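Note that the protein sequences, when read in sequence, are chains A and B.
UniProt numbering numbers the first residue of the first sequence as 1 and each following residue consecutively.
UniProt numbering numbers the first residue of the second sequence as 1 and each following residue consecutively.
Protein chains: 2
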Amino acid sequence: MENQRSYESAGRWLSTVHRYGYMHLSKTFDEYGLGEGQVKFLMVLFEKKEQTQEQMANVLNIDKTTTARAVKKLEDEGYVTRKPHATDRRSHLVCLTAKALDMEPMIRSILKDWTNTLTEDFTDEEKVIVVGLLKRMATNAIAKIKQEEGVKEK
Amino acid sequence: MENQRSYESAGRWLSTVHRYGYMHLSKTFDEYGLGEGQVKFLMVLFEKKEQTQEQMANVLNIDKTTTARAVKKLEDEGYVTRKPHATDRRSHLVCLTAKALDMEPMIRSILKDWTNTLTEDFTDEEKVIVVGLLKRMATNAIAKIKQEEGVKEK
DNA sequence: CACGAAAGGTTGCTAATGCAACTACTTTTT
DNA sequence: AAAAAGTAGTTGCATTAGCAACCTTTCGTG
């Protein structure tokens with residue numbers, strides 16, 4: 001149990017990178033009527049084409065209320081439409097509009113540019129390593145929270 | 001320019017880890033009257049003992065308004081006091097209370113536990129690597145944002 | 001089939017955070 | 001020394017995000 005003298009933990013840098021990414025991407029996407037928070041949902045739709053809100057929330061591990069509000073903004077800005085689900089009247093299928101599809105390359109390139117900025121001085125190997133480690137941390141975090149929830153409602 | 005088919009970028013996992021960390025730490029610190037957002041300022045004070053808000057904002061790369069509000073909450077909860085600066089009447093020195101010092105081991109241990117959870121299945125080497133890579137990403141992010149600001153006000 | 005549980009969404013509330021604008025002191029320039 | 005520029009903090013506003021509570025529809029079991 002060494003005395004951790006300086007505040008240099010993973011979490012400290014993680015939150016810095018996250019905040020700065022948020023700032024940069026918010027500013028960059030602003031001119032397209034997009035907020036940083038909506039982009040991740042677009043990314044899911046670019047891959048899956050049609051999804052219910054519930055499905056998107058699950059894939060991204062994001063709360064369903066956050067999902068609902070992000071989808072609403074995307075709809076307001078003309079990036080997605082919602083059509084009734086064929087068999088379940090509770091849910092809606094969220095679909096991309098032509099506008100969103102036109103913007104796909106642009107959006108991907110903005111995200112990629114930011115990733116490149118973050119890993120500017122990384123070797124190719126390090127670039128691969130960091131994604132892998134972050135993914136494992138995310139997996140561990142998710143497992144822990146799920147476990148806490150499980151305990152709570154036992 | 002390979003087609004990045006799945007949304008597996010560093011940023012995606014980074015934001016997941018960040019959000020889950022926020023959730024876990026908020027919940028854990030809640031019973032001490034602390035929010036996740038205030039803890040990083042306490043960590044700075046544990047190391048530097050006395051700081052102006054400006055100094056804390058700089059160390060953490062956090063906006064001064066966020067700093068002001070975090071300090072206010074810490075003051076309201078009895079973790080810090082503010083005393084007038086000896087030579088500059090614009091600023092205040094933020095100092096820890098006995099209550100905060102008593103809680104220091106507890107707070108460090110909660111943060112460390114979460115780090116351990118995130119890196120549960122990491123080798124010792126990987127634990128070191130991930131902090132280093134995150135720190136470099138943070139440095140790159142900060143440099144980029146500073147550069148954008150510089151351009152703006154030219 | 002009916003009733004209760006579960007699932008998909010929405011609304012109200014709260015926290016952390018950044019930006020713009022403002023006040024109040026300090027330092028620099030002329 | 002007076003005016004200009006810069007620094008420390010604060011307040012108002014907006015965004016992302018989660019939680020609790022609620023509504024509506026669907027499903028499962030007696």
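We treat Cβ as the ideally placed atom computed from N, Cα and C, and that holds for glycine.
These numbers were taken from a predicted model, which means no experiment stands behind them.
- With a threshold of 16 other beta carbon atoms within 10 Å, residue 101 of chain A falls short and is exposed.
- Linking residue 149 of chain A to residue 91 of chain B through their CA atoms gives a straight-line distance of about 44 Å.
- Looking at the backbone, the Cα of residue 98 of chain A and that of residue 137 of chain B are separated by about 35 Å.
- Across the structure, residue 43 of chain A and residue 49 of chain A are spaced so that their CA atoms are roughly 10 Å apart.
- Here residue 64 of chain B is exposed: its Cβ has fewer than 16 other Cβ atoms, across all protein chains shown, within 10 Å.
- Interface residue (Cβ-Cβ distance to chain B less than 8 Å): residue 10 of chain A is classified as such.
- For residue 83 of chain B, the uninterrupted beta strand (DSSP E) run begins and ends at 80–84, by DSSP.
- Chain-ordered listing is empty here: chain B has no CB closer than 8 Å to the CB of residue 45 of chain A, the nearest sitting near 10 Å.
- Among the CB atoms of chain B, one or more fall inside 8 Å of the CB of residue 135 of chain A.
- In this structure, the alpha-carbon of residue 52 of chain B lies about 16 Å from that of residue 39 of chain B.
- In its chain, beyond the 5 residues on either side, 126, 127, 130 have a beta carbon closer than 8 Å to the beta carbon of residue 119 of chain B.
- Neighbours of residue 21 of chain B in chain A, taken as residues whose beta carbon is under 8 Å from its own, are 11, 14, 15, 141 in chain order.
- In this structure, residue 86 of chain B sits away from residue 20 of chain A, with a CB-CB distance that is not shorter than 8 Å.
- Contacts between residue 64 of chain A and chain B, judged by CB atoms closer than 9 Å, are missing: the closest CB pair is about 14 Å apart.
- Counting the other CB atoms within 10 Å of its CB gives residue 89 of chain A a total below 16, which places it among the exposed residues.
- Among the residues of the region 66–88 of chain A, none has a Cβ less than 7 Å away from any Cβ of chain B.
- Residue 115 of chain B has its alpha-carbon roughly 13 Å from the corresponding atom of residue 107 of chain B.
- By the criterion of a C-beta distance shorter than 7 Å, residue 26 of chain A is surrounded in its chain by 35, 36, once the five residues flanking it on both sides are discounted.
- Per the coordinates, the alpha-carbon of residue 15 of chain B lies some 13 Å from the alpha-carbon of residue 111 of chain A.
- For residue 128 of chain A, no chain B residue has a C-beta closer than 8 Å to its own C-beta; the minimum C-beta separation is roughly 10 Å.
- Not one beta carbon of chain A lies nearer than 8 Å to the beta carbon of residue 94 of chain B.
- Distance between residue 10 of chain B and residue 57 of chain A, taken at the CA atoms: about 19 Å.
- Within chain A, no C-beta atom comes less than 7 Å from the C-beta of residue 52 of chain B; the nearest is roughly 18 Å away.
- Annotation: Cβ neighbours of residue 138 of chain A in chain B (cutoff 7 Å, chain order): 13, 16, 17.
- For residue 78 of chain B, the closest of B:95, B:147, B:62 by C-alpha to C-alpha distance is B:95.
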